[in-house]
Amino acid sequence: MKISQWWQRTTERLPMQLAVLSWASIIIGVIGIVATIVVYLGYQPQHGDETVKMNVGATGVMVGLYFFAFALFGAMIIQGRTWGLSGLVLTHVTLVFITVTVIKAGVFWLASIFGVIAAVSLALIFSPPSMDWYKQRFVDGRS
Numbered sequence: 089m090k091i092s093q094w095w096q097r098t099t100e101r102l103p104m105q106l107a108v109l110s111w112a113s114i115i116i117g118v119i120g121i122v123a124t125i126v127v128y129l130g131y132q133p134q135h136g137d138e139t140v141k142m143n144v145g146a147t148g149v150m151v152g153l154y155f156f157a158f159a160l161f162g163a164m165i166i167q168g169r170t171w172g173l174s175g176l177v178l179t180h181v182t183l184v185f186i187t188v189t190v191i192k193a194g195v196f197w198l199a200s201i202f203g204v205i206a207a208v209s210l211a212l213i214f215s216p217p218s219m220d221w222y223k224q225r226f227v228d229g230r231s
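Here it is in structure tokens:
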């Protein structure tokens with residue numbers, strides 16, 4: 089199936105805002121998982137990190153699961169599951185906190201990327217068409 093067909097099927101079932109959010113979240117999740125594997129498998133302690141106590145394996149798994157959540161929740165929205173949208177609210181609010189931490193670390197280029205992703209995603213989540221879809225799916229599921 090062509091990408092255009094996937095996109096058309098998605099936009100037939102979802103408002104444009106949620107279609108964009110869903111696919112962007114899936115892409116972010118996949119890129120994040122790949123980056124996590126590359127970074128954590130090749131991790132070498134840096135000079136000055138000798139005093140840092142960190143279980144690299146456990147940290148890598150947690151970061152990978154965080155990015156897996158993006159992909160999972162994006163896919164669930166495409167499937168019409170309202171809990172996918174709720175999950176993306178949590179992942180993107182968490183991304184806001186990560187952005188603040190990255191700002192405090194002085195890595196402004198990365199913080200700006202995270203901040204834009206979080207702000208745009210939350211705007212898509214809370215847009216009127218997205219909220220109307222959410223409310224309607226919730227009402228349909230309760231009746």
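Taking the working numbering, the leading residue of the sequence shown gets 89, the next gets one more, and so forth.
For each residue, glycine too, the CB sits at the ideal point set by N, CA and C.
Selection from the options that minimises the alpha carbon distance to residue i
i: Lys223; options: Ile165, Val122, Thr170, Ala207; result: Thr170
i: Ile201; options: Thr187, Ala193, Gly194, Leu212; result: Thr187
i: Ala163; options: Met104, Trp111, Ile116; result: Trp111
i: Gln96; options: Gln134, Ala211, Ile166, Val208; result: Ile166
i: Ile125; options: Thr139, Gly152, Ile114; result: Gly152
i: Trp221; options: Gln93, Met104, Ser92; result: Met104
i: Thr98; options: Ala107, Phe185, Ile91; result: Ala107
i: Gln132; options: Val122, Ser215, Gly145; result: Gly145
i: Val149; options: Val127, Gln134, Glu138; result: Val127
i: Ser215; options: Leu102, Gln93, Ser92; result: Leu102
i: Thr147; options: Ile121, Glu138, Gly136; result: Ile121
Sequence-distant residues of the same chain with beta carbon closer than 7 Å to residue i, five excluded per side
i: Arg225; result: Gly168, Thr170
i: Ala199; result: Thr187, Val190, Ile191
i: Leu183; result: Phe202, Ile205, Ala206
i: Lys90; result: none
i: Ile141; result: Note that residue 141 corresponds to Lys in the displayed sequence, not to Ile. Counting only Cβ-Cβ distances below 7 Å, and skipping sequence neighbours, we find nothing.
Cβ shell of residue i (< 8 Å), same chain only, five flanking positions each side left out
i: Gly117; result: Phe155, Phe156, Ala157, Phe158, Ala159, Leu160, Gly162
i: Leu109; result: Gly162, Ile165, Leu176, Ser209, Leu212, Ile213, Ser218
i: Lys229; result: First, the amino acid is wrong: residue 229 is Gly here, not Lys. Closer than 8 Å at the Cβ level, and outside the excluded window around Gly229, lie Thr170.
Same chain only: Cβ atoms within 6 Å of residue i, ignoring 5 sequence neighbours per side
i: His180; result: Ala206, Ser209, Leu210
i: Ala193; result: none
Proximity test, Cβ basis, 9 Å: residue i and chain B
i: Ser110; result: Of the protein chains in the structure, only one exists, and it is not chain B.
Practice task
Would you be able to state if there are at least three C-beta pairs under 8 Å between the segment 172-181 and the segment 146-164?
Solution key: yes
Exercise for the section: Ignoring anything shorter than 3 residues or poking outside the segment 195-221, list the beta strand (DSSP E) runs there in chain order. Expected result: none
Handout entry: Segments of 3+ residues assigned as beta strand (DSSP E) that fall wholly inside the segment 131-197
Key = none
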